[in-house]
Amino acid sequence: MRSRNHTPENLATLSQDNSDSREEEIEVYTVKPFSYMPTDPERNKKKYLLLCLLIFHLPLLKNCAKIYVLSTARVLKTCTKIFYCLLAMNESFLSFNCQNFSLLRNIS
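Next comes the structure, spelled out in structure tokens:
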């Protein structure tokens, strides 16, 4: 009768002897890995780049126009001007930071 007292070393050698490597399992069962990401053709990357640049530059232009109008207008009160200028600057910084990282991730 075999002993059922398994030590950690015993279990490690048993699991190594009776298991396949990841590459062997993929080859035998023809499974795609979970981290598979298809690559885009070069023409799609160029379209995506142009679209991202357009999406980035339009809000930037809009916010620069807001700041220019608010800085030259004498009708609005000072607190309101400052608040709207801060909102425009905040939106510009946000689009600058977020857009660049998503663009780099998708183009590479």
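Counting from 61, one number per residue, gives the positions in the sequence shown under this note's numbering.
Even for Gly, the Cβ is constructed at its ideal location relative to N, Cα and C.
Let's see if you can read the secondary structure: which residues bound the alpha helix (DSSP H) around Asn82? The sequence shown places Arg at residue 82, not Asn. That run of the alpha helix (DSSP H) goes Arg82 to Tyr89.
Count the other CB atoms, across all protein chains shown, that sit within 10 Å of the CB of Asn123; report buried if there are 16 or more and exposed otherwise. By the neighbour-count rule (16 or more Cβ atoms within 10 Å), Asn123 is buried.
Would you mind working out which of Cys112, Tyr144 and Leu118 sits nearest Ile127, comparing C-alpha positions? The shortest C-alpha to C-alpha distance from Ile127 to any of Cys112, Tyr144 and Leu118 is the one to Tyr144.
Excluding sequence positions up to five away, which residues of its chain have a Cβ less than 6 Å from the Cβ of Leu111? For Leu111, there are no CB contacts under 6 Å within the same chain when 5 residues up- and downstream are skipped.
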